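The numbering of the sequence shown is my numbering, which starts it at 656 and goes up by one.
Cβ coordinates follow ideal geometry from the N, Cα and C atoms, glycine included.
All figures in this text were calculated on a predicted structure; none of them were measured in a lab.
Okay, so here's the structure we're looking at.
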Amino acid sequence: MRILIASFCFCFAASGWAITKPNVLFIAIDDLNDWVGCLQGHPQVKTPNIDALAKRGVLFTNAHCQAPICNPSRVSLLTGVLPSTSGIYDLDQPHHLSPLLKKAHTLPAHFKANGYQVMGRGKIYHGRYKYPEDWHDFKTAGDARLKQFRIKAISSVPNIKVRDFGPIDLPEEEFGDLVNARWAAEQLKQEFKKPFFMAVGIRLPHVPLYAPKRFFGRHPEAKVRLPQIIKEDLKDLPPAGLEITRYMHTTPLNHRSVTQTGNWKNAVRAYLACTEFVDHCVGVMLKSLDESAHAKNTIIVLWSDHGWHLGEKEHWAKRSLWEESTRVPLILAGPGIAKGTSTRAVGLIDLYPTLNALCQLPAPPQTLEGRSLMTLLNNPQAKWAHPALTTFHRNDHTLRTERWRYIRYANGDEELYDHAADPNEWNNLAKNLNYQKIIIGLKKKLPKMNAQDSPALSKKK
Ligand SMILES: [Ca+2]
Ligand SMILES: [Ca+2]
């Protein structure tokens, strides 16, 4: 009840005392792993603005995406429905083609249907459909960053194209992420007749890993620290796990190419620089919010759609069921939210019911499969018995609890890691008989339903 009351600001309106619902500033980051200061994923990254945000709300240090690639992760978060229920597992399956989600409200649509002013910029939905009907005001800014690799690659990795990385000599004002952050900063100075839901989707550190030069200057190549890996790490992986590490071998950004051309440090450096540029953009928005009339009545949510490998398990980018791909930054701050750190295993899918609760919105037409995080927003270390589920294509699943990661691939292959002893997931315990009880217990929590693939764009005329 304490939370409920605190979530509202009582103010005097012309008609008498009225309840003003909290605003929502919804910051989506693309492909940001745990290389954020407050998550301690990399010892050199400096993200003072995200860290400051974490201190004023609840930082979830064990939050996971529901799919380790953009579209299914975002659809799941934005509709509150698991990939294994919707059948949306890949990039080319927009939610409007899903029979199950036809009548669903996405988060922006739900806020719009319930009296909010709904605005957005940048990447919120994945893909070419922008769903303008879900917003009062939505635009995508151009991004000069997307021209550079077509003109000339910066890195020396062969055929790198869109996966290129390095500093580019363009004015910061031409980076779409800063354009969008400044748009949000301007909007936040305005008054609104209704409570607002403002979504800003930041494109970096998605490839190409280009950031303004000054962000690279902070990380001289010689001083860059590589992620910790061990030589024999792949030896205890089952065939399905090995198959995943090989996926990226068919793209130009693969471990052999990066290491044989001497680019590992350069790539790590670019990811650090891009992440710090993202943090700068987040800071632009938060500074404006703090100086605005909305400072005290705005809930801030910051999340990333999945993580990213930079050589761990000889793997690059996303598309795995390991910690590097599933773990994401997740922070909620604002009225009605305690300050603290939660180590409970939670999912991005929990955001929809959480925002519904914080803003007292009615249930949407679809059945939400996440759980409201209100208990943890009140007491970050409250009891929480639920594992976080991530799915990669049909029936390849992983469950993360506070201690364990259990992976079960569609062909029955398994991996089990004990994070209490092995935070890098080096030692696969799935075949060790001492852990069979743990596996049996976790296996029961896998989804009972594994929906067939939802229609894909390429299959529809
Ligand atoms: Ca992404
Ligand atoms: Ca291993």
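Using C-beta distances below 6 Å, list every residue in its chain close to Val691, excluding the 5 sequence neighbours before and after it, in chain order. Once the five neighbours on either side are set aside, the close Cβ partners of Val691 are Thr702, Ile705 and Pro984.
Indicate, with yes or no, if ligand 2 has a heavy atom lying under 8 Å from the CB of Lys890. At a cut-off of 8 Å, the beta-carbon of Lys890 counts as near ligand 2: some heavy atom of the ligand is closer than that.
Does the count of Cβ pairs from the stretch 1104-1111 and the stretch 738-757 closer than 8 Å reach three? Contact between the stretch 1104-1111 and the stretch 738-757 is present, because at least three Cβ pairs lie under 8 Å.
For Tyr1072, which of helix, strand or coil comes out of DSSP? If DSSP states are grouped into helix, strand and coil, Tyr1072 belongs with the strands.
Check: Lys973 C-beta below 8 Å from any heavy atom of ligand 1: In terms of side-chain proximity, the C-beta atom of Lys973 is found nearer than 8 Å to a non-hydrogen atom of ligand 1.
Skipping 5 residues on each side, what residues in its chain have a beta carbon closer than 6 Å to that of Cys666? Because Cys666 sits at a pLDDT of 42, beneath the cut-off of 50, its placement in the model cannot be relied upon, and the point is left open.
Using C-beta distances below 8 Å, list every residue in its chain close to Lys1099, excluding the 5 sequence neighbours before and after it, in chain order. Excluding positions up to five away in sequence, the list is empty.
So if I measure from each beta-carbon to every heavy atom of ligand 1 and keep distances below 6 Å, which residues remain? My final list is Asp685, Asp686, Cys725, His861, Asp960 and His961.
Quick check: what's the CA-CA separation for Gly995 versus Asp1005? Roughly 18 Å separates the two Cα atoms.
Give a single yes or no on whether Ser1082 has its beta carbon closer than 8 Å to a heavy atom of ligand 2. The amino acid occupying residue 1082 in the given sequence is Asn; Ser does not appear at that position. At least one heavy atom of ligand 2 falls within 8 Å of the beta-carbon of Asn1082.
Taking the alpha-carbon positions, what's the Pro787 to Val933 distance? Per the coordinates, the alpha-carbon of Pro787 lies some 25 Å from the alpha-carbon of Val933.
Who are the Cβ neighbours of Val956 in its own chain at under 6 Å, not counting the five residues just before and after it? The residues are Phe681 and Leu987.
Please indicate yes or no: does the CB of Glu1069 lie closer than 8 Å to some heavy atom of ligand 2? Flag unset: Cβ of Glu1069 not near ligand 2.
Does Ile809 come out as helix, strand or coil in the three-state DSSP assignment? Residue state, collapsed to three classes: coil.
Using a Cβ-Cβ cut-off of 7 Å (strictly less than) and excluding sequence neighbours within five positions of Ala709, which residues of its own chain qualify? Taken in chain order, the residues that qualify are Cys693 and Ile986.
How about Asp960 and Arg805: are their beta carbons less than 9 Å apart? Their beta carbons are not under 9 Å apart, which means Asp960 does not touch Arg805 by this criterion.
Do you know offhand how far Lys849's Cα is from Asn1034's? C-alpha separation (whole angstroms): 30 Å.
Where are the beta strand (DSSP E) runs, 3 residues long or more, that stay fully inside the stretch 966-1012, in chain order? The stretch 966-1012 is shown to contain whole beta strand (DSSP E) runs of 3 or more residues at 982-988 and 995-997, in chain order.
Rank Phe852, Arg901, Ala866 and Leu1044 by C-alpha distance to the C-alpha of Cys936 and give the top, closest one. Among Phe852, Arg901, Ala866 and Leu1044, the Cα nearest to that of Cys936 belongs to Ala866.
By how many angstroms is the C-alpha of Phe1047 removed from the C-alpha of Asp819? For Asp819 and Phe1047, the distance between alpha carbons rounds to 25 Å.
Is the beta carbon of Glu887 within less than 8 Å of some heavy atom of ligand 2? For ligand 2, a non-hydrogen atom lies closer than 8 Å to the CB of Glu887.
Any idea if His697 is buried or exposed, counting beta-carbon neighbours within 10 angstroms, 16 or more meaning buried? Counting the other CB atoms within 10 Å of its CB gives His697 a total of 16 or more, which places it among the buried residues.
Are the stretch 836-846 and the stretch 937-946 in contact at 8 Å, needing three or more beta carbon pairs? Touching, yes.
Give the straight-line distance between the Cα atoms of Ala759 and Asn1089, rounded to the nearest whole angstrom. Between the C-alpha atoms of Ala759 and Asn1089 there is a straight-line separation of about 44 Å.
Compute the distance between the beta-carbons of Pro1019 and Tyr1007, then report whether it is under 9 Å. Yes, Cβ-Cβ distance for Pro1019 and Tyr1007 is below 9 Å.
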